[in-house]
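Asker: My questions will all concern the structure given below.
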Amino acid sequence: MQDYSIAVVGGDGIGPEVVAEGLKVLEAATSASGAKFSTTDYDLGARRWHATGETLPDSVLEELRGHDAILLGAIGDPSVPSGVLERGVLLPIRFALDHFVNLRPAKLFPGVASPLDVARVAPDGIDFVVVREGTEGPYVGNGGSLRTGTPNEIATEVSVNTRFGVERVVRDAFARAQARPRQHLTLVHKHNVLTHAGHLWRRTVEEVAAEFPEVETAYQHVDAATIFMATDPGRFDVIVTDNLFGDIITDIAAAIAGGIGLAASGNINPARTTPSMFEPVHGSAPDIAGQGKADPTAAVLSVAMLLSHLGLVDAAGRVEAAVAADLAERGDAVRSTAQVGDAIAARL
Ligand code: IPM
Ligand code: MN
Numbered sequence: 011m012q013d014y015s016i017a018v019v020g021g022d023g024i025g026p027e028v029v030a031e032g033l034k035v036l037e038a039a040t041s042a043s044g045a046k047f048s049t050t051d052y053d054l055g056a057r058r059w060h061a062t063g064e065t066l067p068d069s070v071l072e073e074l075r076g077h078d079a080i081l082l083g084a085i086g087d088p089s090v091p092s093g094v095l096e097r098g099v100l101l102p103i104r105f106a107l108d109h110f111v112n113l114r115p116a117k118l119f120p121g122v123a124s125p126l127d128v129a130r131v132a133p134d135g136i137d138f139v140v141v142r143e144g145t146e147g148p149y150v151g152n153g154g155s156l157r158t159g160t161p162n163e164i165a166t167e168v169s170v171n172t173r174f175g176v177e178r179v180v181r182d183a184f185a186r187a188q189a190r191p192r193q194h195l196t197l198v199h200k201h202n203v204l205t206h207a208g209h210l211w212r213r214t215v216e217e218v219a220a221e222f223p224e225v226e227t228a229y230q231h232v233d234a235a236t237i238f239m240a241t242d243p244g245r246f247d248v249i250v251t252d253n254l255f256g257d258i259i260t261d262i263a264a265a266i267a268g269g270i271g272l273a274a275s276g277n278i279n280p281a282r283t284t285p286s287m288f289e290p291v292h293g294s295a296p297d298i299a300g301q302g303k304a305d306p307t308a309a310v311l312s313v314a315m316l317l318s319h320l321g322l323v324d325a326a327g328r329v330e331a332a333v334a335a336d337l338a339e340r341g342d343a344v345r346s347t348a349q350v351g352d353a354i355a356a357r358l
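Under full-length UniProt numbering, the first residue of the sequence shown carries the number 11, and numbering increases by one thereafter.
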């Protein structure tokens, strides 16, 4: 029997609502297993910023480090200037805890509608995973503005790509590809224009490929990748890409695999020296916050990823199966956030 401590950051908008359902399902999936979960709530996001001016105090970051995993709802609110919470809360957690693998599966569950004619474009269904680099690229905040507000204004946002950072995420993606039946890895970048970073990524993939002879590799420019994702997603198995390209293509991936309400993610430090963080890909959806309308499925699937990361593979599989069963019977019925959580939990 093992005890696990989970830091819970509900965050903004619909974040707390969907996280509550995720925790409901976590409890239902593990209560009989002997594994014990204790949760600690952290108040981060718009409420805290308005009340105190704080985003992520050092003391909170240190406390987060002490947990086995973090479950996050959503960060971002229109009442706070754009970027303050994203750059003040979410990204500092990803960076400080070295979440260099941002893992985003795209899987079309049976019974779920896709905007694509799936039988035609992907006869075996949609089932791929994007390994988005999580600590570098244009996200690092290496930029600046000159002559702000004048006609001569200049803004830079420099993408940082280190051999160390690229190599570790590429190796992780290869290992994931090797463990999957199709053993296929696609690098998505833009090396015809981003000749510095693009060539670093391409060379690194070519070199690391030697360690994984079973894995077949392919390359696509990011613009072309968006076409194939919308017309032929069956060609993808594992995709590795930089932080910003990964952000963009995982929204498309979510859209073709049943919608952003179903897309889960893990911000993972595979070295396990810090807690990994699991969160729905969707944002805080302030327009429907507090109305019990949000679909908590992405948060529940993020809990499955959390369980799997902690080694509770059996419980993770049962959560995924319960979600699959619920999705298969969902139809067009309108249910509240809590009703969806209850229905999934009841299957466990
Ligand atoms: C995501 C989000 C974040 C990102 C924002 C909120 C900083 O869009 O998790 O995909 O760009 O990574
Ligand atoms: Mn995003």
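For glycine and all other residues, C-beta sits at the position ideal for the given N, C-alpha and C. Quick caveat, the model's predicted, so the values are computed rather than measured.
(1) Report all residues for which the CB-ligand distance to some heavy atom of the ligand MN is below 7 Å; order them along the chain.
(2) Relative to the ligand IPM, is the shortest distance from any of its heavy atoms to the C-beta of Gly293 smaller than 7 Å?
(3) If distances are taken between C-alpha atoms only, which option among Ala304, Arg282, His60 and Arg97 comes closest to Gly269?
(4) Taking the alpha helix (DSSP H) that Gly175 belongs to, which residues open and close that run?
(5) Cβ atoms of Thr307 and Leu272: under 8 Å apart, would you say?
(6) Is it buried or exposed for Thr196, if we count other Cβ within 10 angstroms and need 16 for buried?
(7) Can you tell me whether Ala207 is buried or exposed? The criterion is at least 16 other CB atoms within 10 Å of its CB, across all chains shown.
(8) Considering Cα atoms alone, identify which of Glu27, Leu66, Arg130 and Leu126 is closest to Ala84.
(9) In the DSSP assignment, what residue or residues form a beta bridge with Asp324?
(10) Return the residue from the list Pro125, Ala116, Tyr149 and Thr160 that minimises the CA-CA distance to Val139.
(11) Residues in its own chain within less than 8 Å of Ala187 by CB, not counting five upstream and five downstream?
(12) Based on the DSSP output, what are the partners of Phe138 in its beta bridges?
(13) When DSSP builds the beta bridges, which residues end up paired with Phe47?
(14) Tell me whether Gln193 sits in a helix, a strand or coil according to DSSP, three-state version.
Answerer: Taking the coordinates as given:
(1) Ordered along the chain, the selected set is Asp257, Thr260, Asp261 and Val291.
(2) For the purposes of this step, residue 293 is taken as the residue at position 283 of the sequence shown. True, at least one ligand heavy atom lies under 7 Å from that Cβ.
(3) Taking the sequence shown and counting its residues from 1, the one referred to as residue 269 is at position 259. Put simply, of Ala304, Arg282, His60 and Arg97 the residue whose alpha carbon is nearest the alpha carbon of Gly269 is Ala304.
(4) Sequence index remark: in the sequence shown, residue 175 carries index 165 (1-based). From DSSP, the alpha helix (DSSP H) with Gly175 extends over Arg173 to Ala189.
(5) By 1-based counting over the sequence shown, the position of residue 272 is 262. By 1-based counting over the sequence shown, the position of residue 307 is 297. Yes. Within cutoff.
(6) Numbered from its first residue, the sequence shown carries residue 196 at position 186. Residue burial annotation: Thr196 is buried, with at least 16 other C-beta atoms found within 10 angstroms of its C-beta.
(7) Counted from its first residue, the sequence shown places residue 207 at position 197. So Ala207 counts as buried.
(8) Here residue 84 corresponds to residue number 74 of the sequence shown, with the count starting at 1. If you compare the alpha carbons of Glu27, Leu66, Arg130 and Leu126 with that of Ala84, the shortest gap goes to Glu27.
(9) As a working mapping, residue 324 is identified with position 314 in the sequence shown. Per DSSP, none; premise fails for Asp324.
(10) As a working note, residue 139 is residue 129 in the sequence shown. The shortest Cα separation from Val139 among Pro125, Ala116, Tyr149 and Thr160 belongs to Ala116.
(11) Within the sequence shown, the letter at position 177 stands for residue 187. Excluding positions up to five away in sequence, the list reads Gln193, His194, Leu195, Phe222, Val225, Asp247 and Val248.
(12) On the sequence shown, residue 138 is found 128 positions in, with the first residue counted as 1. Assignment of beta-bridge partners to Phe138 by DSSP yields Ala116.
(13) For the purposes of this step, residue 47 is taken as residue 37 along the sequence shown, with counting starting at 1. According to DSSP, which records beta bridges pairwise, Phe47 is partnered with Tyr14.
(14) Position 183 of the sequence shown holds residue 193. Coil.
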